[in-house]
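Peer 1: Numbers 1 to 402, taken from UniProt numbering, label the letters of the sequence shown in order.
Don't be surprised by glycine CBs; every beta carbon is placed ideally from N, CA and C.
Since this is a predicted model, take the numbers as computed values, not measurements.
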Amino acid sequence: MINALRGMKDTLSPQSEIYQYIIATCTRIAQNYGFSFMETPILEETALFKRSVGESSDIVGKEMYQFIDKGENDVCLRPEGTAGIVRAFIQQKFDKAGGNRRFFYHGPMFRYERPQKGRLRQFHQFGAESFGEGDVREDATIILMLKAMFEALGIGFTLEINSLGCPACMPQYRTTLVKFLETREGLCEDCERRKLTNPIRVLDCKNEHCKTLLADAPLITENLCVTCKDDFTTLKRILDQFGVSYLVNPKLVRGLDYYSKTAFEFVSSEIGAQSAIAGGGRYDRLVEFLDGKSTPAVGFAMGIERLMELVKMPEIEREGYYIGALCDEALDVVFELVDRKRKTEKVLTDYDAKSLKNHLKIADKNFVKFCVCIGEDELSKQSVWIKDLVSKEEKIINIAHF
Numbered sequence: 001m002i003n004a005l006r007g008m009k010d011t012l013s014p015q016s017e018i019y020q021y022i023i024a025t026c027t028r029i030a031q032n033y034g035f036s037f038m039e040t041p042i043l044e045e046t047a048l049f050k051r052s053v054g055e056s057s058d059i060v061g062k063e064m065y066q067f068i069d070k071g072e073n074d075v076c077l078r079p080e081g082t083a084g085i086v087r088a089f090i091q092q093k094f095d096k097a098g099g100n101r102r103f104f105y106h107g108p109m110f111r112y113e114r115p116q117k118g119r120l121r122q123f124h125q126f127g128a129e130s131f132g133e134g135d136v137r138e139d140a141t142i143i144l145m146l147k148a149m150f151e152a153l154g155i156g157f158t159l160e161i162n163s164l165g166c167p168a169c170m171p172q173y174r175t176t177l178v179k180f181l182e183t184r185e186g187l188c189e190d191c192e193r194r195k196l197t198n199p200i201r202v203l204d205c206k207n208e209h210c211k212t213l214l215a216d217a218p219l220i221t222e223n224l225c226v227t228c229k230d231d232f233t234t235l236k237r238i239l240d241q242f243g244v245s246y247l248v249n250p251k252l253v254r255g256l257d258y259y260s261k262t263a264f265e266f267v268s269s270e271i272g273a274q275s276a277i278a279g280g281g282r283y284d285r286l287v288e289f290l291d292g293k294s295t296p297a298v299g300f301a302m303g304i305e306r307l308m309e310l311v312k313m314p315e316i317e318r319e320g321y322y323i324g325a326l327c328d329e330a331l332d333v334v335f336e337l338v339d340r341k342r343k344t345e346k347v348l349t350d351y352d353a354k355s356l357k358n359h360l361k362i363a364d365k366n367f368v369k370f371c372v373c374i375g376e377d378e379l380s381k382q383s384v385w386i387k388d389l390v391s392k393e394e395k396i397i398n399i400a401h402f
């Protein structure tokens with residue numbers, strides 16, 4: 001027997017209904033905020049992610065599904081969604097056209113990491129990206145949109161925010177941080193590597209020994225330039241104005257190299273250990289990094305599999321019809337009736353003649369609202385028998401009126 005690959009799984013009912021509900025809910029809210037759907041290829045040039053995500057990230061360093069295809073192209077399955085959206089943004093020349101563009105996306109991502117609870121090698125994300133708006137109010141809008149999504153899904157959260165600075169203040173902070181790190185011995189292998197490539201990532205280390213060594217590390221929030229400090233103050237003021245509770249976490253740095261200024265995570269404590277269920281921030285330099293015209297941008301991504309463990313599904317309402325035959329002679333009529341009714345309604349059927357009791361069992365199991373049956377009596381009278389499975393009302397009507 002051939003099984004699914006490790007870290008990749010099938011999604012079947014009832015989980016598939018939860019997945020679809022999350023996508024539908026987030027799509028509706030994203031559209032309300034002025035975002036339109038974009039689909040990008042699952043397979044991209046490896047260089048796209050090395051240049052955008054960054055050589056220092058764990059994704060590029062250890063986790064990409066990378067290979068050489070038959071045309072000798074270095075390609076990989078997308079490990080995250082933002083880089084592909086930015087690539088498409090530039091390829092369509094939106095960067096040169098100017099103005100604001102807002103997109104949302106959803107679909108599978110791939111990372112070759114050790115599968116564990118809440119992590120898969122093929123997983124799914126829903127995300128959104130906004131281009132062309134440099135005002136910190138757009139950052140606040142992204143956070144408010146995510147808040148609306150989680151509230152609609154019935155998911156509780158804690159919001160953590162930080163500012164990562166900009167090209168005006170980050171270089172000096174980086175120098176200060178590196179000097180501090182040089183005084184610390186015993187950092188883990190990942191931190192030693194990051195110290196040389198992207199030192200700020202060291203602050204995000206989950207190693208308990210490293211956390212102890214870095215407890216008194218200099219913080220970016222204490223080294224912001226006037227512009228970054230003012231933007232961060234404005235963001236906090238807006239969140240306060242809209243009643244959004246938040247925690248300033250000066251060691252929140254995000255996992256990808258392209259972030260600057262605002263960074264945020266929505267965290268849940270309902271998945272065992274406290275885990276991020278969504279994260280994002282501002283990345284004003286990424287479009288330029290990928291050879292586009294300098295364009296401010298901000299966005300987020302959230303892991304759908306994690307949300308599926310938390311979402312509060314609404315009570316399912318019965319809908320649609322089940323139409324069945326009580327005798328073999330009625331099968332052709334039932335088949336025609338099913339085809340006609342499906343033009344306007346959800347309709348299920350069974351191709352075997354069964355007793356009324358069995359048809360009602362099938363209708364009830366499939367949670368339809370109406371059970372419709374045709375037998376010898378109904379054929380002779382050109383009628384159908386209908387039962388409303390909610391009100392329990394039964395009636396017989398002319399088949400032409402059904």
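(1) With V136 as the anchor, note down where its alpha helix (DSSP H) starts and where it stops.
(2) Could you tell me the distance, in whole angstroms, from the CA atom of D350 to the CA atom of A325?
(3) Check the C-beta distance from R306 over to I277 and give it rounded, since I have them as a contact under 8 Å.
(4) Which same chain residues, not among the five before or five after S294, have their C-beta less than 7 Å away from its C-beta?
(5) In whole angstroms, what separates the C-alpha of D339 from that of D364?
(6) Would you call the CB atoms of G127 and T82 closer than 8 Å?
(7) In whole angstroms, what separates the C-alpha of D291 from that of D284?
(8) Would you please state the rounded distance, in angstroms, between the beta carbons of P250 and T212? I believe it to be under 8 Å.
(9) For G165, collect the residues of the same chain with a Cβ closer than 8 Å to its Cβ; drop the 5 residues on either side in sequence, then sort them by chain order.
(10) Enumerate in chain order the residues of its own chain whose CB-to-CB distance from R102 is below 6 Å, with the five nearest sequence positions on each side excluded.
(11) Pick helix, strand or coil for P167, following the three-state DSSP scheme.
(12) Short of 8 Å in beta carbon distance, which residues of its chain neighbour I22, apart from the five on each side in sequence? Order them along the chain.
(13) List, from N- to C-terminal side, the beta strand (DSSP E) runs of 3 residues or more that fit wholly inside the region 35-82.
(14) Need the endpoints of the beta strand (DSSP E) that M302 sits in, please.
(15) Taking the straight line between their C-alpha atoms, what separation do you get for A24 and L196?
(16) Could you pull out every residue in the same chain whose Cβ sits closer than 6 Å to the Cβ of R87, ignoring the five residues on either side in sequence?
(17) Give the straight-line distance between the Cα atoms of K381 and I399, rounded to the nearest whole angstrom.
(18) Report the rounded CA-to-CA distance for Y19 versus I316, giving the unit in angstroms.
(19) In chain order, what residues of the same chain have a beta carbon less than 7 Å from the beta carbon of R318, not counting five sequence neighbours either side?
(20) Can you tell me where the beta strand (DSSP E) holding F370 begins and where it ends?
(21) Taking the beta strand (DSSP E) that V347 falls in, what are its first and last residues?
(22) Can you tell me which of D204, E63 and S245 puts its alpha carbon nearest to the alpha carbon of R254?
(23) Whole angstroms are fine: how far does the CA of Q31 sit from the CA of V347?
(24) Does the beta-carbon distance from F110 to L144 come in below 8 Å?
(25) In the DSSP assignment, find the unbroken beta strand (DSSP E) run with H124 in it and report its ends.
(26) With the cut-off set at 8 Å, would you say I374 and V334 are in Cβ contact?
(27) Quick check on this structure: which residue in C26, D95, G84 and P171 has the alpha carbon closest to the alpha carbon of R51?
(28) Please check the pair R282 and D135, which I expect to be a contact at CB under 8 Å, by giving their CB distance rounded to whole angstroms.
(29) Tell me, please, which residues DSSP counts as bridged to Y322.
(30) Would you identify the three-state DSSP class for Y33, choosing helix, strand or coil?
(31) List the DSSP bridge partners of M109.
(32) Report, in whole angstroms, the separation of the C-beta atoms of F266 and F157, which I expect to be a contact under 8 Å.
(33) Counting along the chain, where does the beta strand (DSSP E) carrying N398 start and finish?
(34) Go ahead and label V53 buried or exposed: buried means 16 or more other beta carbons lie within 10 angstroms of its beta carbon, across all protein chains shown.
(35) Under DSSP, the alpha helix (DSSP H) around T183 begins and ends at which residues?
Peer 2: Reading from the atomic positions:
(1) For the purposes of this step, residue 136 is taken as residue 136 along the sequence shown, with counting starting at 1. Element bounds for V136: V136 to L153.
(2) One-based indexing of the sequence shown puts residue 350 at position 350. One-based indexing of the sequence shown puts residue 325 at position 325. Between D350 and A325, the C-alpha separation is close to 8 Å.
(3) Position 306 of the sequence shown, counted from the first residue, corresponds to residue 306. Position 277 of the sequence shown, counted from the first residue, corresponds to residue 277. That pair is a contact at about 5 Å.
(4) What you label residue 294 is simply residue 294 of the sequence shown in a count that begins at 1. Answer for S294: V287 and E288, listed in chain order.
(5) For the purposes of this step, residue 339 is identified with residue 339 of the sequence shown, where counting begins at 1. For the purposes of this step, residue 364 is identified with residue 364 of the sequence shown, where counting begins at 1. Cα to Cα, D339 sits roughly 21 Å from D364.
(6) Position 127 of the sequence shown, counted from the first residue, corresponds to residue 127. Position 82 of the sequence shown, counted from the first residue, corresponds to residue 82. Cβ atoms of G127 and T82: closer than 8 Å.
(7) On the sequence shown, position 291 is the one that residue 291 refers to. On the sequence shown, position 284 is the one that residue 284 refers to. Roughly 13 Å between the two C-alpha positions.
(8) The sequence position of residue 250 within the sequence shown is 250, counting from 1. The sequence position of residue 212 within the sequence shown is 212, counting from 1. Actually they are not in contact, since the Cβ atoms of P250 and T212 sit about 17 Å apart, beyond 8 Å.
(9) Start at 1 with the first residue of the sequence shown, and residue 165 comes out as number 165. Counting only Cβ-Cβ distances below 8 Å, and skipping sequence neighbours, we find Y173, I220, N223, L224, C225, C228, S260 and K261.
(10) As a first step, residue 102 is located in the sequence shown; it is residue number 102 there, counting from the start. Once the five neighbours on either side are set aside, the close Cβ partners of R102 are G34, F35 and S130.
(11) Working through the sequence shown from its first residue, we reach residue 167 at position 167. Residue state, collapsed to three classes: coil.
(12) Position 22 of the sequence shown, counted from the first residue, corresponds to residue 22. Only F126, L153, I304, L307, M308 and V311 meet the Cβ criterion.
(13) 43-45, 65-68 and 74-77
(14) Position 302 of the sequence shown, counted from the first residue, corresponds to residue 302. Here the beta strand (DSSP E) through M302 covers A297 to G303.
(15) The sequence position of residue 24 within the sequence shown is 24, counting from 1. The sequence position of residue 196 within the sequence shown is 196, counting from 1. Cα to Cα, A24 sits roughly 43 Å from L196.
(16) In the sequence shown, residue 87 corresponds to position 87, counting from 1. Only L48 meet the Cβ criterion.
(17) The residue labelled residue 381 in the question sits at position 381 within the sequence shown. The residue labelled residue 399 in the question sits at position 399 within the sequence shown. So the alpha carbons of these two residues sit roughly 9 Å apart.
(18) For the purposes of this step, residue 19 is identified with residue 19 of the sequence shown, where counting begins at 1. For the purposes of this step, residue 316 is identified with residue 316 of the sequence shown, where counting begins at 1. Y19 and I316: Cα-Cα distance of roughly 15 Å.
(19) As a working note, residue 318 is residue 318 in the sequence shown. Answer for R318: F367, V368, K369, L389 and V390, listed in chain order.
(20) Looking up residue 370 in the sequence shown gives position 370. F370 -> beta strand (DSSP E) spans F370 to I374.
(21) In the sequence shown, residue 347 corresponds to position 347, counting from 1. Looking at the DSSP string, the run of the beta strand (DSSP E) that includes V347 is V347 to T349.
(22) Within the sequence shown, residue 254 is the residue found at index 254, counting from 1. When each option's Cα is compared against that of R254, the closest is D204.
(23) Counted from its first residue, the sequence shown places residue 347 at position 347. Counted from its first residue, the sequence shown places residue 31 at position 31. Computed Cα separation, rounded: 29 Å.
(24) Taking the first residue of the sequence shown as 1, we reach residue 110 at position 110. Taking the first residue of the sequence shown as 1, we reach residue 144 at position 144. Contact: no.
(25) To locate residue 124, count along the sequence shown from 1; it is residue 124. It spans Q122 to F131 - the beta strand (DSSP E) in which H124 sits, taken as one unbroken run.
(26) Start at 1 with the first residue of the sequence shown, and residue 374 comes out as number 374. Start at 1 with the first residue of the sequence shown, and residue 334 comes out as number 334. Yes, these two residues count as a Cβ contact at 8 Å.
(27) If you number the sequence shown from 1, residue 51 lands on position 51. Of the candidates C26, D95, G84 and P171, the one whose C-alpha sits nearest the C-alpha of R51 is G84.
(28) For the purposes of this step, residue 282 is taken as residue 282 along the sequence shown, with counting starting at 1. For the purposes of this step, residue 135 is taken as residue 135 along the sequence shown, with counting starting at 1. At roughly 11 Å, the Cβ-Cβ gap does not stay under 8 Å, so R282 and D135 are not in contact.
(29) If you number the sequence shown from 1, residue 322 lands on position 322. Paired residue(s): L348 and C371.
(30) Along the sequence shown, read from residue 1 onward, the residue named residue 33 stands at position 33. Three-state DSSP puts Y33 in coil, outside helix and strand.
(31) By 1-based counting over the sequence shown, the position of residue 109 is 109. Partner(s): F123.
(32) The residue given as residue 266 occupies position 266 in the sequence shown. The residue given as residue 157 occupies position 157 in the sequence shown. Right, their Cβ atoms sit about 5 Å apart.
(33) Here residue 398 corresponds to residue number 398 of the sequence shown, with the count starting at 1. Start and end: E394 to N398.
(34) Numbered from its first residue, the sequence shown carries residue 53 at position 53. When all chains shown are included, V53 counts as buried.
(35) For the purposes of this step, residue 183 is taken as residue 183 along the sequence shown, with counting starting at 1. Segment: none, T183 is in no alpha helix (DSSP H) and carries neither H nor E.
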